[in-house]
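Have a look at the structure below, then the notes.
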């Protein structure tokens, strides 16, 4: 089916975009790293689904790359935003709802004593690194190999345009490997400011990896022993693994945690939450932005948390995601295909064992799923929202059957 959006097809929009925008659509939205024929421009979205400008309908299992957690245009969230917008959004000072949301997050997040707001995940991961240095008076911050904490020079996986000084005071370790953490600390005697990591390893195009209890507890002990701060990057995992910090099951509380994506159901909002001991540094470091305290996003954040708690959103997301993972694994096994399904049920991912690093089989699989109305990405973990229902699951698993058929019949040489 091909229609037009305000007189423009997707192809025509692409032709305009490449003239006015570098690469047309860039960054992680780039079609160059997605499946062939993937939609580039979105006309509208509602609930668990979206429609591209050519009229094709998809179940959104990327959840807009993570922010959508209770469904596009969730009525309670949108009503809260409309009420706030009728009063003030971007004003000369913040709206009172900022205090309401800050109090809610402090009460909800383990170790929470204060909150600083921003707009993007990279804002708050960078702020956390800055505060760790301000608080400790030290320089060295440890980062997990292959981790993604944003696209700023200190953490961008693409080093073009960066200089050695951008990463001068960073060192690296391997996730779930305490010995590598200890070795990195030993390389910088008495200079550990902090350790930042995602609480669940999610490398681009790779198998997701859960933390071991030994690693989680050991990392907390190493930070305490050497006087550094433990920082969790919960931008991707936040409100999708636990209704609180992800290592609560281990009894491990970070000193600071960075949040974004799902905390406001698609409205631009990020938050850094920290312990009382770091309040002084958080008060003294200058960090601001003209749009960081807009009221609409704060209202969306507060409403999103209310909806999630009232409707046990995490419970329904886990159930839906588990059934999806099981259906995917069963479909592959029925065709004799080796498949590796990883990640928590709310953030699943899969790759075919016969696939190479270029994910050629995943391209085939996700493109075929796309033709059957299921939107996945070949090289990034997927997401589940609380808006997904039985109809979505039935269609998603039908698309998966078609996708694994295509892989089984593929000849990629």
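Numbering (this note's numbering), first residue to last: 45 to 457. Glycine included, every Cβ here is placed at the ideal spot set by N, Cα and C.
Query, Result
"Report the partner residues of residue 104 according to the DSSP bridge assignment.", "419"
"Taking DSSP as the reference, what is the three-state secondary structure of residue 176?", "helix"
"Residue 366 to residue 237, Cα distance in whole Å?", "39 Å"
"From the DSSP output, in three-state form, read off residue 113 for me.", "coil"
"List the whole-angstrom C-beta distance separating residue 103 from residue 436, where the pair is believed to meet the contact cut-off of C-beta under 8 Å.", "5 Å"
"Using the Cα positions of residue 378 and residue 399, report the straight-line distance between them to the nearest angstrom.", "18 Å"
"So, are the CB atoms of residue 110 and residue 368 less than 8 Å apart?", "no"
"List the DSSP bridge partners of residue 301.", "276 and 317"
"DSSP has residue 393 in a bridge; who is on the other side?", "386"
"In the DSSP assignment, what residue or residues form a beta bridge with residue 253?", "245"
"Let me know if residue 1 comes out buried or exposed under the rule of 16 or more other beta-carbons within 10 Å of its beta-carbon.", "With the chain represented from 45 up to 457, any question about residue 1 goes unanswered, as that position is not in the structure."
"Measure the C-alpha to C-alpha separation of residue 106 and residue 234 and round it to an integer number of angstroms.", "42 Å"
"Using the DSSP secondary-structure output, state which residues sit across from residue 225 in a beta bridge.", "DSSP output for residue 225 lists no bridge partner at all."
"Going along the chain, which residues of its own chain have a beta-carbon closer than 6 Å to the beta-carbon of residue 285, five neighbours each way excluded?", "388"
"Apply the 10 Å Cβ neighbour rule to residue 131 and answer buried if 16 or more other Cβ atoms are within range, or exposed otherwise.", "exposed"
"Hey, out of 363, 418 and 272, whose CA is closest to residue 94's CA?", "418"
"Are residue 315 and residue 149 touching if we call contact CB-CB under 8 Å?", "yes"
"In the region 138 to 191, which residue ranges form an unbroken beta strand (DSSP E) of at least 3 residues, counting only runs that do not cross its ends?", "158 to 162 and 184 to 188"
"For the candidate residues 331, 283 and 416, whose alpha-carbon lies nearest to that of residue 359?", "283"
"Return the residue from the list 69, 209, 171 and 128 that minimises the CA-CA distance to residue 343.", "128"
"Assuming residue 329 and residue 303 form a contact by the criterion Cβ under 8 Å, report the distance between their Cβ atoms to the nearest whole angstrom.", "Not confirmed; about 18 Å, so no contact."
"Roughly how many angstroms lie between the CA atoms of residue 446 and residue 408, to the nearest whole one?", "10 Å"
"Are at least three pairs of beta-carbons, each pair with one atom in the region 180 to 196 and one in the region 156 to 167, less than 8 Å apart?", "yes"
"Within the continuous alpha helix (DSSP H) that includes residue 65, where are the two ends?", "That residue, residue 65, is in no alpha helix (DSSP H); it is neither H nor E in DSSP."
"Tell me which residues share the same chain as residue 101 and place their Cβ nearer than 7 Å to its Cβ, disregarding the 5 neighbours each side in the sequence.", "93, 95 and 417"
"Nearest CA to the CA of residue 341: which residue from 281, 89, 62 and 142?", "142"
"DSSP state of residue 236, grouped into three classes?", "strand"
"List the whole-angstrom C-beta distance separating residue 8 from residue 171, where the pair is believed to meet the contact cut-off of C-beta under 8 Å.", "The structure shown does not extend to residue 8, since the chain spans only 45 to 457, so no value can be given for it."
"Would residue 156 and residue 247 be called neighbours here (beta carbons separated by less than 8 Å)?", "no"
"Helix, strand or coil: which one does DSSP assign to residue 95?", "strand"
"Starting from residue 127, follow the alpha helix (DSSP H) in both directions and report where the run begins and ends.", "119 to 129"
"Identify whether residue 381 lies in helix, strand or coil by the three-state DSSP scheme.", "coil"
"So residue 332 packs on residue 154, CB below 8 Å; how close in whole Å?", "Contact doesn't hold; Cβ gap of about 27 Å is too wide."
"Less than 8 Å separating the beta-carbons of residue 353 and residue 287?", "yes"
"Are residue 410 and residue 79 touching if we call contact CB-CB under 8 Å?", "yes"
"Please determine, among 424, 81 and 57, the residue with the shortest C-alpha to C-alpha distance to residue 252.", "424"
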